[in-house]
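**Q** In order, the protein sequences belong to chains A and B. Per UniProt numbering, the very first residue in the first sequence carries number 1; after that it's consecutive. Per UniProt numbering, the very first residue in the second sequence carries number 1; after that it's consecutive. Heads up, the beta-carbon is just placed ideally off N, CA and C, and yes, glycines get one too. First the structure, which I've put down as structure tokens, then a few questions once you've had a look.
2 protein chains.
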Amino acid sequence: MCKMYNAEILTIGNELLNGRTVNTNATHIASKLTLLGFTVRRITTVGDNLKDIHDAVKEILSRNPMLLVTSGGLGPTYDDMTVEGVANALNLKIELNKEAYSEILEKYRSRGLQLTEERLKMAMLPVGAIAIRNEVGIAPGVLISLPGTDILLTPGVPREMESILEKYLKEYLRFKPDIYYYEEFFTVKGVMESELAPFIKRLVKETNIYIKTHPKGHETLSPSLEIQVSANGKTKDEAVYKVKSAIEEIKNKVKSMGGVVV
Amino acid sequence: MCKMYNAEILTIGNELLNGRTVNTNATHIASKLTLLGFTVRRITTVGDNLKDIHDAVKEILSRNPMLLVTSGGLGPTYDDMTVEGVANALNLKIELNKEAYSEILEKYRSRGLQLTEERLKMAMLPVGAIAIRNEVGIAPGVLISLPGTDILLTPGVPREMESILEKYLKEYLRFKPDIYYYEEFFTVKGVMESELAPFIKRLVKETNIYIKTHPKGHETLSPSLEIQVSANGKTKDEAVYKVKSAIEEIKNKVKSMGGVVV
């Protein structure tokens, strides 16, 4: 039922591949899209490498997501090559984008600075792309609308990515999922994950909701489980009802097994 | 030069795709492998979904990495399906693994517990796989050695993943890179990223090292850059020398531009 609203995320940067930076950008984007009703099917991270960006974009588009959000590689330095990699994958030429140009010109001019080749690079966008104004930094976001798929490029600096993603979701989103997503978490102690597993398996089969148990303590010595219950619904009420009913059933089961709901 | 030591990471779990959990496991694995001299080329995240795991593993193996480390999906619950997904991708049958069986049996027995179907599942491994003992939890790690590629499956619980990865790197690693990796970071203020970019570009071209500037402040209002310099070398001394020489050059350039090295 959610195939129509599949989304993917592509994060770009060597610092993510060498373990220097935790990929909180992917988490933020994933969270925002999930709450809107999208199903994020895959997150891919590649380095600042033209071929790897090109290949990843081609592969992602072959899976036909409705939305691809990328983060990283939009800045002025030699290793910022997301625009070029995406344009190559789409066979699009790169040209000076008027809106991006005036945005960048204005930002540097207001500081009394010239537009060098490196700065101008941030205004060179794929033909037909829309520049989304960056309210907290320089490099604009880039929106490429293909039939059935939107591709949104955002910078790697977290607050710039967040600001442009927010602007896209509010002002540019073409396809708004008509499903609602709801989730709740709770913690139980004194029941082992493996002990609860058959019950959870049956409940998921019967109710078509999603339940995940996250073990926090030691499985046999001091079992503690955080339990996540989530569901989609055609209305918000439907999603909430599904989740709350399942939680009641799980809590009753845990208590009957001698466990404690925290 | 590093193609021989390419590595990839596959993290599995819906909680990573819906934004509930920050993927610190990928960062930890990436950091450990990089320090050993591997080049992590790609990190992929998919959900608890047999087809997606299967597809991701097939795609990764088609790129011939020397090492693939996965994390997540090894536990006793219905949505733990990494072993099955990987076995499907490799056309391997799953069988009861004797070492895994006695490890799991011992852990539950010592608590006076029986081996249920869900618990036994953690001992069902691909034919020919090696079980790597889990010193801090239940589900053992799984090592599958193919010609030219090792596949290491680790659990999703961070301290279990860390412990099994450590054990693998110390006791089982087949191919130890004979290259050394070294990196340093420093911060400069008062110089814009776009202003420094042409110099960095030239330096990277001339020296074959890796330099990345991470903007921390606002590009034009209060520029602050963390600069990362890293290099590989055939000896540790060579790697260190390359990095330190480049840092000297950058610091001199920053000062000549009116910037400050913090």
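1) Who are the Cβ neighbours of residue 75(B) in its own chain at under 6 angstroms, not counting the five residues just before and after it?
2) Report yes if the C-beta distance between residue 127(A) and residue 215(B) is below 8 angstroms; otherwise report no.
3) So the beta strand (DSSP E) residue 252(A) belongs to, where does it begin and stop?
4) Ends of the beta strand (DSSP E) at residue 150(B)?
5) Following the continuous beta strand (DSSP E) through residue 146(A), name the residue where it begins and the one where it ends.
6) Indicate whether the contact test is met: 3 or more Cβ pairs, each with one atom in the region 59 to 73 of chain B and one in the region 108 to 125 of chain B, closer than 8 angstroms.
7) Report yes or no: do three or more beta-carbon pairs, one from the region 93 to 104 of chain A and one from the region 178 to 187 of chain A, lie closer than 8 angstroms?
8) Using C-beta distances below 6 angstroms, list every residue in its chain close to residue 43(A), excluding the 5 sequence neighbours before and after it, in chain order.
9) Among residues of its own chain, excluding the 5 on either side of residue 244(A), which ones have a beta-carbon nearer than 8 angstroms to its beta-carbon?
10) The beta strand (DSSP E) spanning residue 127(A) covers which residue range?
11) Touch check for the region 43 to 54 of chain A and the region 184 to 201 of chain A: three-plus C-beta pairs under 8 angstroms?
12) Is the CB of residue 247(B) under 8 angstroms away from at least one CB in chain A?
13) Distance check for residue 130(A) and residue 58(A), CA to CA, integer angstroms please.
14) Looking at C-beta atoms only, is the number of pairs between the region 14 to 30 of chain B and the region 85 to 92 of chain B that lie closer than 8 angstroms three or more?
15) Leaving aside the five residues before and after residue 63(A) along the sequence, list all residues of the same chain whose C-beta is less than 8 angstroms from its C-beta, in chain order.
16) Would you grab the beta carbon distance between residue 77(A) and residue 144(B) for me? Rounded to a whole angstrom, and I think it's under 8 angstroms.
17) Quick check: residue 132(A) and residue 168(A), are their CB atoms within less than 8 angstroms of each other?
18) Where DSSP assigns a beta bridge to residue 7(A), which residues make up the other side?
19) Just the Cα atoms here: how many angstroms apart are residue 172(A) and residue 141(A)?
20) Give a yes or no on whether 8 angstroms exceeds the smallest Cβ distance from residue 98(B) to chain A.
21) Out of curiosity, what's the CA-to-CA distance linking residue 217(A) and residue 246(B)?
22) Between the beta-carbon of residue 83(B) and the beta-carbon of residue 120(B), is there less than 8 angstroms?
23) Step through the CB atoms of chain B and report whether any lies within less than 8 angstroms of the CB of residue 46(A).
24) Are residue 49(A) and residue 210(B) closer than 8 angstroms when you measure CB to CB?
25) Grab me the residues of residue 253(A)'s own chain with a C-beta within less than 6 angstroms of its C-beta, minus the 5 sequence neighbours each way, in chain order.
26) Using DSSP with H/G/I as helix, E/B as strand and the rest coil, what is residue 107(B)?
27) To be precise: take each residue of the region 196 to 208 of chain A, compare its Cβ to all Cβ atoms of chain B, and keep it if any distance is under 7 angstroms. Which residues remain?
28) May I ask you to report which of helix, strand or coil DSSP gives residue 16(A)?
29) Quick check: is the beta carbon of residue 215(A) nearer than 8 angstroms to any beta carbon in chain B?
30) From the DSSP output, which residues share a beta bridge with residue 261(A)?
31) What do you get for residue 149(B), buried or exposed, if any count of 16 or more other CB atoms within 10 angstroms of its CB means buried?
32) By how many angstroms is the C-alpha of residue 159(A) removed from the C-alpha of residue 37(A)?
33) Compare the C-beta of residue 90(B) with all C-beta atoms of chain A and state if any pair is closer than 8 angstroms.
34) Indicate the three-state DSSP secondary structure (helix, strand or coil) for residue 208(A) in the structure shown.
35) Below 8 angstroms on C-beta distance, what does residue 157(A) contact in chain B?
36) Would you mind stating whether residue 262(B) and residue 255(B) have Cβ atoms separated by less than 8 angstroms?
**A** With the given structure in hand:
1) Looking up residue 75(B) in the second sequence gives position 75. Result list for residue 75(B): 139, in chain order.
2) As a first step, residue 127(A) must be located in the first sequence, where it is residue number 127. As a first step, residue 215(B) must be located in the second sequence, where it is residue number 215. With respect to the 8 angstroms criterion, residue 127(A) and residue 215(B) are not classified as neighbours on the basis of their beta carbons.
3) To locate residue 252(A), count along the first sequence from 1; it is residue 252. Per DSSP, residue 252(A) belongs to no beta strand (DSSP E); it is in the alpha helix (DSSP H), 236 to 256.
4) Your numbering for residue 150(B) matches position 150 in the second sequence. In the DSSP annotation of this structure, the continuous segment of the beta strand (DSSP E) that includes residue 150(B) starts and ends at 149 to 154.
5) Counting from one through the first sequence, the residue named residue 146(A) turns up at place 146. According to the DSSP assignment, residue 146(A) belongs to the beta strand (DSSP E) that extends over 141 to 146.
6) Cβ pair count under 8 angstroms is below three, so no.
7) At 8 angstroms Cβ cutoff, the stretches do not touch.
8) As a first step, residue 43(A) is located in the first sequence; it is residue number 43 there, counting from the start. Hits under 6 angstroms: 9 and 26.
9) Against the first sequence, residue 244(A) aligns to sequence position 244. Within the same chain, residue 244(A) has close Cβ partners 184.
10) For this step, residue 127(A) is matched to residue 127 along the first sequence. First-last for residue 127(A): undefined, no H or E at that position.
11) Segments in contact, no.
12) Here residue 247(B) refers to the residue found at position 247 of the second sequence. No, its Cβ sits nowhere closer than 8 angstroms to a Cβ of chain A.
13) Residue numbering aside, residue 58(A) sits at position 58 when the first sequence is read from its first letter. Residue numbering aside, residue 130(A) sits at position 130 when the first sequence is read from its first letter. Distance between the alpha carbons of residue 58(A) and residue 130(A) is about 21 angstroms.
14) The region 14 to 30 of chain B makes no contact with the region 85 to 92 of chain B, as fewer than three CB pairs between them are under 8 angstroms.
15) Counting from one through the first sequence, the residue named residue 63(A) turns up at place 63. Contacts found: 6, 8, 41 and 42.
16) Mapped onto the first sequence, residue 77(A) falls at position 77. Mapped onto the second sequence, residue 144(B) falls at position 144. Here residue 77(A) is actually not in contact with residue 144(B); their C-beta atoms are around 40 angstroms apart, not less than 8 angstroms.
17) Mapped onto the first sequence, residue 132(A) falls at position 132. Mapped onto the first sequence, residue 168(A) falls at position 168. Their beta carbons are under 8 angstroms apart, which means residue 132(A) touches residue 168(A) by this criterion.
18) Position 7 of the first sequence, counted from the start, is the residue given in the question as residue 7(A). DSSP lists 40(A) and 67(A) as partners of residue 7(A).
19) On the first sequence, position 172 is the one that residue 172(A) refers to. On the first sequence, position 141 is the one that residue 141(A) refers to. Computed Cα separation, rounded: 12 angstroms.
20) Residue numbering aside, residue 98(B) sits at position 98 when the second sequence is read from its first letter. So, not an interface residue.
21) The residue given as residue 217(A) occupies position 217 in the first sequence. The residue given as residue 246(B) occupies position 246 in the second sequence. Near 47 angstroms, if we compare the C-alpha coordinates of residue 246(B) and residue 217(A).
22) Residue numbering aside, residue 83(B) sits at position 83 when the second sequence is read from its first letter. Residue numbering aside, residue 120(B) sits at position 120 when the second sequence is read from its first letter. At a Cβ-Cβ threshold of 8 angstroms, residue 83(B) and residue 120(B) do not count as neighbours.
23) On the first sequence, residue 46(A) is found 46 positions in, with the first residue counted as 1. Yes, because at least one Cβ of chain B sits closer than 8 angstroms to the Cβ of residue 46(A).
24) Sequence index remark: in the first sequence, residue 49(A) carries index 49 (1-based). Sequence index remark: in the second sequence, residue 210(B) carries index 210 (1-based). No.
25) Locating residue 253(A) in the first sequence gives position 253, where the first residue counts as 1. If the five residues before and after residue 253(A) are omitted, its C-beta is found closer than 6 angstroms to the C-beta atoms of 199, all from its own chain and listed in chain order.
26) For the purposes of this step, residue 107(B) is taken as the residue at position 107 of the second sequence. DSSP places residue 107(B) in helix when its eight states are reduced to three.
27) Listed by position, the residues of the region 196 to 208 of chain A near chain B (Cβ gap below 7 angstroms) are 197, 198, 200, 201 and 204.
28) Numbered from its first residue, the first sequence carries residue 16(A) at position 16. Shown here, residue 16(A) sits in a helix according to DSSP, grouped into three states.
29) Counting from one through the first sequence, the residue named residue 215(A) turns up at place 215. Yes - at least one Cβ of chain B is within 8 angstroms of the one on residue 215(A).
30) Numbered from its first residue, the first sequence carries residue 261(A) at position 261. In DSSP, residue 261(A) forms a bridge with 188(A).
31) For the purposes of this step, residue 149(B) is taken as residue 149 along the second sequence, with counting starting at 1. A residue is called buried when at least 16 other Cβ atoms come within 10 angstroms of its Cβ; residue 149(B) meets this threshold and is buried.
32) In the first sequence, residue 37(A) corresponds to position 37, counting from 1. In the first sequence, residue 159(A) corresponds to position 159, counting from 1. Residue 37(A) and residue 159(A): Cα-Cα distance of roughly 23 angstroms.
33) In the second sequence, residue 90(B) corresponds to position 90, counting from 1. Not an interface residue.
34) Against the first sequence, residue 208(A) aligns to sequence position 208. DSSP places residue 208(A) in coil when its eight states are reduced to three.
35) Position 157 of the first sequence, counted from the first residue, corresponds to residue 157(A). Counting only Cβ-Cβ distances below 8 angstroms, residue 157(A) has contacts in chain B at 215, in chain order.
36) Locating residue 262(B) in the second sequence gives position 262, counting from the first residue. Locating residue 255(B) in the second sequence gives position 255, counting from the first residue. For residue 262(B) and residue 255(B), no; Cβs fall outside 8 angstroms.
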